[in-house]
Amino acid sequence: MKRPIIAITMGDPAGIGPEITVKALSKQDLYERCAPVVIGDLSVLKKALIYTGLTDLQLHPIANVKEAVFQPGLIDVLDMGLADSEKLAIGQVSKMAGEAAFQYVKKVIELAMEGKVDATVTNPLNKEAINLAGHHYAGHTEIYAKLTDTPKYTMMLAHKDFRVVHVSTHVSLREACDKVRKERVLEVIEIANKACLAMGIEKPVIGVAGLNPHSGENGLFGREEIDEIIPAIEAAKLKGIQTEGPVPPDTIFSKAIGGWYDMVVAMYHDQGHIPLKVTGFVFNRKLNKWDAVEGVNITLGLPIIRTSVDHGTAFDQAGTGTASEVSLINAIDYAIRFAGKK
Numbered sequence: 114m115k116r117p118i119i120a121i122t123m124g125d126p127a128g129i130g131p132e133i134t135v136k137a138l139s140k141q142d143l144y145e146r147c148a149p150v151v152i153g154d155l156s157v158l159k160k161a162l163i164y165t166g167l168t169d170l171q172l173h174p175i176a177n178v179k180e181a182v183f184q185p186g187l188i189d190v191l192d193m194g195l196a197d198s199e200k201l202a203i204g205q206v207s208k209m210a211g212e213a214a215f216q217y218v219k220k221v222i223e224l225a226m227e228g229k230v231d232a233t234v235t236n237p238l239n240k241e242a243i244n245l246a247g248h249h250y251a252g253h254t255e256i257y258a259k260l261t262d263t264p265k266y267t268m269m270l271a272h273k274d275f276r277v278v279h280v281s282t283h284v285s286l287r288e289a290c291d292k293v294r295k296e297r298v299l300e301v302i303e304i305a306n307k308a309c310l311a312m313g314i315e316k317p318v319i320g321v322a323g324l325n326p327h328s329g330e331n332g333l334f335g336r337e338e339i340d341e342i343i344p345a346i347e348a349a350k351l352k353g354i355q356t357e358g359p360v361p362p363d364t365i366f367s368k369a370i371g372g373w374y375d376m377v378v379a380m381y382h383d384q385g386h387i388p389l390k391v392t393g394f395v396f397n398r399k400l401n402k403w404d405a406v407e408g409v410n411i412t413l414g415l416p417i418i419r420t421s422v423d424h425g426t427a428f429d430q431a432g433t434g435t436a437s438e439v440s441l442i443n444a445i446d447y448a449i450r451f452a453g454k455k
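Count along the sequence shown starting at 1, add 113, and that's the number in this note's numbering.
Put into structure tokens, the structure is as follows:
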């Protein structure tokens with residue numbers, strides 16, 4: 114079976130992206146599932162090999178994807194030459210790193226839109242850094258939407274088979290409440306259903322969270338459920354989508370983890386992010402370290418495939434070689450899954 118070509122951005126050069134990239138691509142079995150290529154800077158990745166102790170790995174600089182060899186032990190790198198590793202301050206926000214991180218993302222989008230790669234995977238960038246570089250976006254999701262000219266999209270988070278999509282993400286909580294409208298809720302339900310089908314789930318069940326405590330208690334604690342969410346659910350059912358809700362936000366995620374739903378529609382950023390990260394991020398008190406930092410961020414509704422780690426640049430860990438690559442491997446596996454169904 115032909116392996117899908119997965120383009121992976123290096124992320125902010127001053128963060129943990131380069132280190133978790135070489136860690137992930139040190140796994141021989143990954144090359145049995147896909148053909149990975151890194152979009153980044155060769156000089157930064159050379160230092161990442163030293164930080165992680167993976168000096169037996171070799172870096173293979175390429176000018177285009179056709180030159181990649183996709184062999185274990187040899188990491189193909191489309192070298193952008195944007196970050197000077199000698200001037201780069203590891204673990205610090207900088208305009209240079211922000212510019213580089215943005216250009217890596219722009220490049221993978223171009224490669225995917227041109228059909229030169231089958232899917233894209235992004236490592237973390239720093240929002241302050243890309244804004245310092247003059248690129249005024251709230252994050253990856255908005256960059257992808259803008260550069261692919263996609264008006265209808267949503268963020269999906271996943272940890273194993275626990276999945277959440279969002280009606281709104283990077284806006285204030287006050288503004289998020291105003292964005293709970295029938296048309297948008299229905300739009301996200303439809304995108305969620307389509308994504309489940311794309312992953313091979315034959316008869317998806319979509320659970321829709323309420324906005325208010327107890328889903329409004331029949332209007333006692335707010336009318337958003339009555340006026341906006343329930344009409345959206347009814348409209349989805351008329352389209353043949355198996356949809357349940359509005360389910361009180363304090364119970365819907367436990368039900369989803371228990372297998373009741375294939376996807377949950379959350380009404381705003383933290384409503385969906387908190388349960389995913391409580392599940393996927395596990396800190397060991399006794400050893401004073403993270404046992405797990407897992408989860409995948411996926412942008413749905415795009416004409417191309419984009420998955421990502423579900424954590425930030427972790428500047429405090431950068432340069433130590435200790436950051437976990439598990440979230441990145443999970444993101445690559447989700448990209449492979451979507452590419453296989455494309």
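By construction, the Cβ of each residue, glycine as well, lies at the ideal position given by its N, Cα and C atoms.
Every value quoted in this text rests on a predicted model; they were computed, and no experiment measured them.
| Item | Value |
| --- | --- |
| If contacts are defined as beta-carbon pairs under 8 Å, then Thr426 and Gly130 qualify, I think. What distance do you get, rounded to the angstrom? | 7 Å |
| With distance defined between alpha-carbon atoms, name the residue in Gln184, Val234, Arg450, Thr267 nearest to Leu412. | Here residue 412 turns out to be Thr, not Leu, going by the sequence shown. Minimum Cα distance to Thr412 is reached at Thr267. |
| Exposed or buried, which one is Gly194 when buried takes at least 16 other CB atoms within 10 Å? | exposed |
| Hey, out of His386, Ile188, Leu155, whose CA is closest to Leu170's CA? | Ile188 |
| Quick check on Phe334: does DSSP put it in helix, strand or coil? | coil |
| Three-state secondary structure (DSSP) at Glu227? | coil |
| In whole angstroms, what is the alpha-carbon distance linking Ala271 and Leu389? | 7 Å |
| Under the DSSP definition of a beta bridge, which residues are partnered with Phe275? | His272 |
| Exposed or buried, what is Pro416 when buried is set at 16 or more other beta-carbons lying within 10 Å of its beta-carbon? | exposed |
| Residues in its own chain within less than 6 Å of Ile256 by CB, not counting five upstream and five downstream? | Val218, Tyr250 |
| Measuring alpha carbon to alpha carbon, tell me which residue in Gly252, Ile319, Thr392 is nearest Trp373. | Ile319 |
| Where does Val182 land, buried or exposed, given buried means 16+ other C-beta within 10 angstroms? | exposed |
| Check the DSSP bridge columns for Gln355 and list the partner residues they point to. | Val318 |
| What is the DSSP secondary structure of Pro174, reduced to helix, strand or coil? | strand |
| Please go through the segment 209-260 and give each complete alpha helix (DSSP H) segment of 4 or more residues, from N-terminal end onward. | 240-245, 253-260 |
| Report all residues from its chain with a CB closer than 7 Å to the CB of Leu155; omit the five preceding and five following residues, and keep chain order. | Leu172, Pro174, Val190, Asp192 |
| Rounded to whole angstroms, how far is the Cβ of Val378 from the Cβ of Val422, which I believe are closer than 8 Å? | Wrong, their Cβ atoms sit about 23 Å apart, outside the cutoff. |
| Let me know the secondary structure DSSP gives Asp192 once reduced to three states. | strand |
| Please state whether the Cβ-Cβ distance between Arg287 and Glu341 is less than 8 Å. | no |
| In angstroms with no decimal places, state the Cα-to-Cα distance between Leu441 and Gly332. | 43 Å |
| Which residues share a DSSP beta bridge with Phe396? | Trp403 |
| Three-state secondary structure (DSSP) at Ala379? | strand |
| Using the beta-carbon count (16 or more within 10 Å), is Glu199 buried or exposed? | exposed |
| Taking Glu337 as the reference, give the member of Pro359, Glu212, Val391 with the closest Cα. | Pro359 |
| Look at the Cβ atom of Leu201, then the Cβ atom of Pro126, and state whether they are nearer than 8 Å. | yes |
| In the DSSP output, which residue or residues are listed as bridge partners for Asn410? | Leu270, Ser421 |
| Please state whether the Cβ-Cβ distance between Ala444 and Ile418 is less than 8 Å. | no |
| Name the two residues that bound the continuous alpha helix (DSSP H) containing Thr122. | Thr122 -> not in any alpha helix (DSSP H); beta strand (DSSP E) instead, spanning 118-122. |
| Under DSSP, the alpha helix (DSSP H) around Ile304 begins and ends at which residues? | 295-311 |
| In this structure, how does DSSP classify Ile152 when only helix, strand and coil are distinguished? | strand |
| Between the alpha carbons of Ala305 and Gly385, how many angstroms are there, rounded? | 14 Å |
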